[in-house]
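Counting from 1, one number per residue, gives the positions in the sequence shown under my numbering. Glycine included, each C-beta is placed from N, C-alpha and C at the ideal position.
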Amino acid sequence: MSFKLKFLSILSLSLILVSMQNCGEFHSMQDSDFSSSLLDSSDLSGEGQRVPFQMLSKKQILSSMVTAAGLTEADSALKATNVKLSPILSEKSDVVKFNSPRGMTYTNIAGDTCRQLIAQEKSEKNKRLIRYGLPVNAKDITNQEIEETIRSFARSFWSRNETEEELQIIKDGISEFENVREVASLNEQTRAERLTLYLCTSMLSTLDAITY
């Protein structure tokens with residue numbers, strides 16, 4: 001399965017999740033039976049195929065995401081989300097244990113991490129990861145600032161720069177997100193925060209962010 005398909009799967013999940021949230025809030029979803037998987041079975045099996053990476057386990061996920069986002073420590077809400085949802089994750093890091101409920105769990109924890117990151121950077125004078133800074137009106141965010149934020153997130157979450165293909169996929173996802181009726185109807189500052197939450201959550205829950 002190509003990066004594009006994997007990434008768009010995460011983007012679509014994040015779109016559903018983030019579109020349902022009130023500004024600055026991310027309420028974790030319960031585990032449930034999802035009909036499709038984020039990873040095609042052909043990625044994980046096959047004679048002679050070697051799995052080249054491992055997933056973050058339930059013991060690793062919180063500290064990894066907190067570190068990637070540059071947070072000093074998880075706040076009470078993020079800790080509560082982790083306690084509530086991490087039992088869905090595997091004790092081990094075996095990638096073949098990955099399934100859709102676990103994929104949604106990574107996305108939920110990433111979303112709450114991003115919610116704390118947004119709150120932190122709104123209160124600090126020196127922006128760190130979010131290059132356009134918050135609070136800001138969505139209409140005032142330039143294309144260059146979006147690209148700089150994507151680069152910033154990629155380096156922090158993936159430990160590398162995004163590729164040209166990835167950049168375009170992410171920007172296409174942002175455009176689709178902004179055109180969702182519930183998002184487009186928000187006031188400018190709320191829309192900017194919602195866009196940031198979507199972008200951060202999407203990138204922090206991709207395979208490059210939750211594998212090693």
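Sheet register partners of residue 55 (DSSP bridge): Taking the first residue of the sequence shown as 1, we reach residue 55 at position 55. Partner(s): 211.
Residue 195 versus 211, 139, 154, residue with shortest Cα-Cα distance: Residue 195 sits at position 195 when you count from the first residue of the sequence shown. Comparing Cα positions, the closest option is 139.
Beta-carbon contacts of residue 116 that lie in its chain and below 8 Å, excluding the five residues immediately before and after: Along the sequence shown, read from residue 1 onward, the residue named residue 116 stands at position 116. Cβ within range, chain order: 69, 71, 74, 75, 77, 78.
Residue 128 in three-state terms, based on DSSP: As a working mapping, residue 128 is identified with position 128 in the sequence shown. Three-state result, residue 128: coil.
Residue range of the alpha helix (DSSP H) that includes residue 160: Here the question's residue 160 lines up with position 160 in the sequence shown. No alpha helix (DSSP H) contains residue 160, which DSSP labels as neither H nor E.
Closest residue to residue 105 among 155, 82, 94, 66 (Cα-Cα distance): Against the sequence shown, residue 105 aligns to sequence position 105. With distances taken between Cα atoms, residue 105 lies closest to 82.
Residue 169, DSSP secondary structure in three states: Here residue 169 refers to the residue found at position 169 when the sequence shown is read from its first residue. In the structure shown, residue 169 sits in a helix (DSSP, three-state: H, G or I).
Inter-stretch contact at 8 Å, needing at least 3 Cβ pairs: the region 95-114 / the region 125-135: no
Integer-rounded CB distance, given that residue 171 should sit under 8 Å from residue 146: The residue labelled residue 146 in the question sits at position 146 within the sequence shown. The residue labelled residue 171 in the question sits at position 171 within the sequence shown. Confirmed, about 7 Å.
For residue 92 and residue 202, the rounded distance between their alpha carbons: Residue mapping note: residue 202 aligns to position 202 of the sequence shown, counting from 1. Residue mapping note: residue 92 aligns to position 92 of the sequence shown, counting from 1. Per the coordinates, the alpha-carbon of residue 202 lies some 24 Å from the alpha-carbon of residue 92.
8 Å Cβ cutoff met for residue 110 and residue 204: Numbered from 1 along the sequence shown, position 110 holds the residue referred to as residue 110. Numbered from 1 along the sequence shown, position 204 holds the residue referred to as residue 204. Yes. Within cutoff.
Cβ neighbour criterion (16 or more within 10 Å) applied to residue 156: Position 156 of the sequence shown, counting from 1, holds the residue named residue 156. Buried.
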